[in-house]
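Q: Each residue of the sequence shown is one higher than the last, beginning at 0 in numbering that gives the first Met the number 0. Don't be surprised by glycine CBs; every beta carbon is placed ideally from N, CA and C. This is the structure I have questions about; it appears just below.
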Amino acid sequence: MGADAFIEPLVVAGILTFGVLINRRRKDISMLQAFWTDPYGEPKMLGCQPVSPATSTPLIPRIEPQWKERRYFKWTIKSRNTVRWKDKPVSRFLAKFPFLIEVWYWLLVYWTYQLGRAFTAVTLSADITPLARLHGLSLIAWEEALGIFVELDIQHWFLERPILLKIINCIYSFIHIPGTILFLAWLYYYAPRRLFEARRRTLALCNLLAFVVFTSWPCMPPRLLPEEDGYGFVDTVHVGKVSSVWTSNRFCQQLAAMPSLHFGYSFVIGLTLATMPNTRHRWLLVAVGIAYPIIILIAILATANHYVLDAIAGCGVAVLGWCANGLLKNLLPLEDTVYYVLRVHKPEPEGRDGSVSPGDPKVGEVEEWWRQA
Numbered sequence: 000m001g002a003d004a005f006i007e008p009l010v011v012a013g014i015l016t017f018g019v020l021i022n023r024r025r026k027d028i029s030m031l032q033a034f035w036t037d038p039y040g041e042p043k044m045l046g047c048q049p050v051s052p053a054t055s056t057p058l059i060p061r062i063e064p065q066w067k068e069r070r071y072f073k074w075t076i077k078s079r080n081t082v083r084w085k086d087k088p089v090s091r092f093l094a095k096f097p098f099l100i101e102v103w104y105w106l107l108v109y110w111t112y113q114l115g116r117a118f119t120a121v122t123l124s125a126d127i128t129p130l131a132r133l134h135g136l137s138l139i140a141w142e143e144a145l146g147i148f149v150e151l152d153i154q155h156w157f158l159e160r161p162i163l164l165k166i167i168n169c170i171y172s173f174i175h176i177p178g179t180i181l182f183l184a185w186l187y188y189y190a191p192r193r194l195f196e197a198r199r200r201t202l203a204l205c206n207l208l209a210f211v212v213f214t215s216w217p218c219m220p221p222r223l224l225p226e227e228d229g230y231g232f233v234d235t236v237h238v239g240k241v242s243s244v245w246t247s248n249r250f251c252q253q254l255a256a257m258p259s260l261h262f263g264y265s266f267v268i269g270l271t272l273a274t275m276p277n278t279r280h281r282w283l284l285v286a287v288g289i290a291y292p293i294i295i296l297i298a299i300l301a302t303a304n305h306y307v308l309d310a311i312a313g314c315g316v317a318v319l320g321w322c323a324n325g326l327l328k329n330l331l332p333l334e335d336t337v338y339y340v341l342r343v344h345k346p347e348p349e350g351r352d353g354s355v356s357p358g359d360p361k362v363g364e365v366e367e368w369w370r371q372a
């Protein structure tokens, strides 16, 4: 087992730790923040009405409501309220380091997806490989008919330039996961919380949609097409010995070229950066937002890991996830139940979205901050 088997996980762990520390709360949480509805969609506690701090009596103990309202598709339902456990040690620790919740969600989504891929990899039947090969060849035929079969030309260009080929191999192998985590940590720090949560749900939905596609329609990547097919693609990543520990183990599903999550994720990241509000650094965000998916697109084609149509499908998955990510909000009652069983209170939104009541002057302050960031 090479050093990469330890270095790559350590890099990911380091980025996650950086995200936790940079996103820690640097001030005490206001008591009111845990109870009142904020303008960004936090649930309203049943039986509670906002009270003016000027007229409230802080000496009267507060009775915590047992239920809160959640939207479940078109219905409003009662869901467990965990605010009673906000002073528990674990809850207070999470309130201090709220990005730990996002780390947990990322690990849950990532490993659920990877375990699903591993299950399909170890349970492949003998007739799946020929079928996946036929699917790959059909993609090439469609691309030739459309005039977009450029994978061989792109790979040959890089094969003639070994230094650039090594760089593009490293980009394919080592940027996807660390880059996505770094993006999430940055977005959590800078953006309004509702925007961050929407993008997190988008990426999660991309995983779900991609899993459905490659499970129902396995596709052999160009690098695995046999020589007798006459295309001569080279598996540059493995030949160059720069493969990632995440994609070179025996549990990795090799027949999952369609769609390309490498490009799907990069499209979500790029579009998020390019559509940020007018800020001092917007030109830089737009430049990175345009360059990042283009670089990833070149990488997945030059290394023969994907077809052009895989990238287009990855873009389609990203757009669907972007538009339909709100569907995952229907899992919030389940989330409440899990925290209730664990006797833990999830930290309330704070910071860029500052949990405030509608009409509060802080709403304008938040919007103004985001415009000037």
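With C-beta atoms as the reference, is Asp335 less than 7 Å away from Arg79?
A: Cβ atoms of Asp335 and Arg79: closer than 7 Å.
Q: Can you tell me whether Ile6 is buried or exposed, with buried defined as 16 or more other CB within 10 angstroms of its CB?
A: Exposed, because fewer than 16 other Cβ atoms sit within 10 Å of the Cβ of Ile6.
Q: Counting along the chain, where does the alpha helix (DSSP H) carrying Trp105 start and finish?
A: Segment 98 to 121, the alpha helix (DSSP H) holding Trp105.
Q: Apart from the five residues on each side of it in sequence, which residues of its chain come closer than 6 Å, Cβ to Cβ, to Gly320?
A: Closer than 6 Å at the Cβ level, and outside the excluded window around Gly320, lie Thr201, Leu204, Cys205.
Q: Give the straight-line distance between the Cα atoms of Ala12 and Asp86, rounded to the nearest whole angstrom.
A: Cα-Cα distance, rounded: 28 Å.
Q: Out of Pro292, Gly288, Leu272, which has the shortest C-alpha to C-alpha gap to Leu260?
A: Ranking Pro292, Gly288, Leu272 by Cα distance to Leu260 puts Pro292 first.
Q: Report the residue from Pro346, Arg342, Pro348, Lys328 whose alpha carbon sits nearest the alpha carbon of Thr75.
A: Answer by Cα proximity: Lys328.
Q: Within the same chain, show all residues whose beta-carbon is closer than 8 Å to that of Leu186, passing over the 5 residues directly before and after it, in chain order.
A: Around Leu186: Leu194, Phe195, Arg198, Thr271.
Q: Put Trp66 into one of helix, strand or coil per three-state DSSP.
A: Reduced to three states, the DSSP call for Trp66 is strand.
Q: So, is Lys67 buried or exposed, given that buried needs 16 or more other C-beta atoms within 10 angstroms?
A: Buried is the call here.
Q: Where does Tyr306 sit, in a helix, a strand or coil, going by DSSP?
A: Correct three-state label for Tyr306: coil.
Q: Per DSSP, which one or two residues make a beta bridge with Cys218?
A: BP columns for Cys218 point to Ala255.
Q: Scan the region 259 to 336 and note each continuous beta strand (DSSP E) run of 3 residues or more that stays entirely inside, going in chain order.
A: If we require 3 residues or more, the region 259 to 336 turns out to have no beta strand (DSSP E) run fully inside it.
Q: Counting along the chain, where does the alpha helix (DSSP H) carrying Trp156 start and finish?
A: Counting along the chain, the alpha helix (DSSP H) containing Trp156 begins and ends at 150 to 158.
Q: If you draw a straight line from the alpha carbon of Arg342 to that of Thr119, how long is it in whole angstroms?
A: Taking the straight line from one Cα to the other gives about 35 Å.
Q: Can you tell which of Pro332, Gly135, Phe266 has the C-alpha that lies nearest to the C-alpha of Gly313?
A: Measuring from the Cα of Gly313, the nearest candidate turns out to be Phe266.
Q: Count the other C-beta atoms from every protein chain shown that fall within 10 angstroms of the C-beta of Arg116, then say buried if there are 16 or more, exposed otherwise.
A: It counts as buried.
Q: Assign Ile166 to one of three DSSP states: helix, strand, or coil.
A: Helix at Ile166.
Q: The beta strand (DSSP E) spanning Thr128 covers which residue range?
A: No beta strand (DSSP E) contains Thr128, which is instead part of the alpha helix (DSSP H) from 127 to 145.
Q: So, helix, strand or coil for Val11, using DSSP?
A: Helix at Val11.
Q: My understanding is that Leu164 touches Leu158, with C-beta atoms under 8 Å, so please give their C-beta distance in whole angstroms.
A: Correct: roughly 6 Å between the Cβ atoms.
Q: Going by the CB atoms, is the gap between Phe98 and Val10 shorter than 7 Å?
A: No, they are not a contact pair.
Q: According to DSSP, simplified to helix, strand and coil, what is Thr81?
A: Of the three classes helix, strand and coil, the one that applies to Thr81 here is coil, per DSSP.
Q: Let me check understanding here. Comparing Cα to Cα, which of Phe148, Ala125, Asp126 lies closest to Leu136?
A: Ranking Phe148, Ala125, Asp126 by Cα distance to Leu136 puts Phe148 first.
Q: Can you tell me whether DSSP reads Ile174 as helix, strand or coil?
A: Reduced to three states, the DSSP call for Ile174 is coil.
Q: Considering only residues of the same chain and omitting the five flanking positions on each side of Tyr71, which have a CB-CB separation below 7 Å?
A: Once the five neighbours on either side are set aside, the close Cβ partners of Tyr71 are Asn329, Pro332.
Q: If we count the other Cβ atoms within 10 Å of its Cβ and call it buried at 16 or more, is Leu15 buried or exposed?
A: The residue in question, Leu15, is buried, as its Cβ has 16 or more Cβ neighbours within 10 Å.
Q: Just checking, does the region 303 to 313 make contact with the region 214 to 231 on the three C-beta pairs under 8 Å criterion?
A: Contact between the region 303 to 313 and the region 214 to 231 is present, because at least three Cβ pairs lie under 8 Å.
Q: Compare the beta carbon distance of Val241 and Thr302 with 7 Å and say whether it is the shorter of the two.
A: No, they are not a contact pair.
Q: Please say whether Val316 and Gly239 have beta carbons closer to each other than 7 Å?
A: Result no, Cβ atoms of Gly239 and Val316 do not sit closer than 7 Å.
Q: Let's see if you can read the secondary structure: which residues bound the alpha helix (DSSP H) around Leu93?
A: Unbroken alpha helix (DSSP H) run through Leu93: 88 to 95.
Q: Taking the Cβ atom as the reference point for each residue, do Tyr188 and Asn22 lie within a distance shorter than 7 Å?
A: Taking 7 Å as the Cβ cut-off, Tyr188 and Asn22 qualify as a contacting pair.
Q: Using the three-state DSSP reduction, which class does Val230 fall into: helix, strand or coil?
A: At residue 230 the sequence reads Tyr, which differs from the Val that was named. Note: Tyr230 maps to coil in three-state DSSP.
Q: Pull up the CB-CB distance for Phe213 and Gln252, whole angstroms please, since I reckon it's below 8 Å.
A: Correct: roughly 7 Å between the Cβ atoms.
Q: Once the 5 residues before and after Val50 are set aside, which same chain residues still bring their CB inside 8 Å of it?
A: Annotation note: pLDDT 48 at Val50 (below 50); position unreliable, no value reported.
Q: Quick one: using the 10 Å Cβ neighbour count with 16 as the cut-off for buried, is Asp37 buried or exposed?
A: Residue confidence is low: Asp37 scores 40 on pLDDT, short of 50, so the model does not pin down where it sits. No coordinate-derived value is stated.
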